[in-house]
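In my numbering, the protein residues as written are 29 to 159. Single-structure report; data block below.
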């Protein structure tokens, strides 16, 4: 098992509108939204060199910053099994396909508490196109 790339970086933000406008200045544009518009997927519109971030409006009392790093793997289910066989890593849940994003995911924490996700796009997803 190896990481094939960064799938996306998930960021909790204090002001979603301001963050969208900030990342637009770096060539990112909204790709879709879920959670009633409280989560926006941003994309650089370059399939050859994709960059994706996921912006979440912070809930009251929630800290802002990186929520998780998502790494692309060939198969999240197989990758999870392989890591589990090596021992010492506790996953937060069994791998599943997140219907909203269309990604099969598996999450754990690194030794410093950073949430790490292994993922692969496995369906179109149900998130709404940006309007």
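Cβ atoms here follow ideal geometry from the backbone N, Cα and C, with glycine treated the same way.
Which class does residue 121 belong to by DSSP, given the choice of helix, strand or coil?
-> Taking the chain shown and counting its residues from 1, the one referred to as residue 121 is at position 93. Here residue 121 sits in coil by DSSP.
Would you tell me roughly how many angstroms separate the C-alpha atoms of residue 67 and residue 111, rounded to the nearest one?
-> For the purposes of this step, residue 67 is identified with residue 39 of the chain shown, where counting begins at 1. For the purposes of this step, residue 111 is identified with residue 83 of the chain shown, where counting begins at 1. Their Cα atoms are separated by approximately 30 Å.
For residue 53, three-class secondary structure by DSSP | In the chain shown, counting from the first residue as 1, residue 53 sits at position 25. DSSP, read as helix, strand or coil, puts residue 53 in coil.
Option nearest residue 54 by Cα separation, candidates 71, 117, 60 = For the purposes of this step, residue 54 is taken as the residue at position 26 of the chain shown. Answer by Cα proximity: 71.
contact_flag[the region 99 to 113, the region 40 to 57] where n(CB pairs < 8 Å) is 3 or more = Contact fails: fewer than three Cβ-Cβ distances are below 8 Å.
Could you name the residues of the same chain whose beta carbon sits closer than 7 Å to that of residue 36, not counting the 5 residues immediately before and after it, in chain order?
-> For the purposes of this step, residue 36 is identified with residue 8 of the chain shown, where counting begins at 1. So the qualifying residues of the chain are 80, 81, 82, 98.
Considering only C-alpha positions, which residue in the set 141, 153, 64 is nearest to residue 124?
-> Against the chain shown, residue 124 aligns to sequence position 96. Selection 141, 153, 64 evaluated against residue 124 yields 153 as nearest (Cα-Cα).
Within 10 angstroms of the Cβ of residue 94, are there 16 or more other Cβ atoms? Answer buried if so, exposed if not.
-> Here residue 94 corresponds to residue number 66 of the chain shown, with the count starting at 1. So residue 94 counts as exposed.
Check residue 60 in the structure and name its three-state DSSP category.
-> Along the chain shown, read from residue 1 onward, the residue named residue 60 stands at position 32. In the three-state reduction of the DSSP assignment, residue 60 falls in the strand class.
Would you list the residues sitting across from residue 31 in a DSSP beta bridge?
-> Counted from its first residue, the chain shown places residue 31 at position 3. Answer by DSSP bridge pairing: none, since residue 31 is not bridged.
Mind checking whether residue 157 and residue 60 have CB atoms under 8 Å apart?
-> Translated into the one-based positions of the chain shown, residue 157 becomes position 129. Translated into the one-based positions of the chain shown, residue 60 becomes position 32. With contacts defined by Cβ atoms closer than 8 Å, residue 157 and residue 60 form a contacting pair.
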